[in-house]
Amino acid sequence: MLALRLKTELETKLANLAEKTGRTKTFYAIKAIEQQLDDMEDYYLAEQPYNDWNY
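Just so you know, we're using full-length UniProt numbering here: the sequence shown kicks off at 1 and counts up by one.
In structure tokens:
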């Protein structure tokens with residue numbers, strides 16, 4: 001379980017997308033986190049060996 005406080009603008013965009021597509025805000029929040037987390041893992045995990053070697 002994770003609780004988040006979103007900026008009003010982001011909450012509005014999320015609500016509008018959910019309403020227009022018939023999906024839930026939770027669906028889009030999970031999708032956004034999954035996609036961003038995949039990118040962040042790629043970046044930070046690839047960066048780690050370089051940092052280890054450089055220090």
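We put the CB at the ideal spot given by N, CA and C, even for glycine.
- DSSP, reduced to helix, strand and coil, places M1 outside both helices and strands of the structure shown, so it counts as coil.
- DSSP places K7 outside any alpha helix (DSSP H), giving it a letter other than H or E.
- Contact check for A18 against T12 fails: the beta carbons are separated by 8 Å or more.
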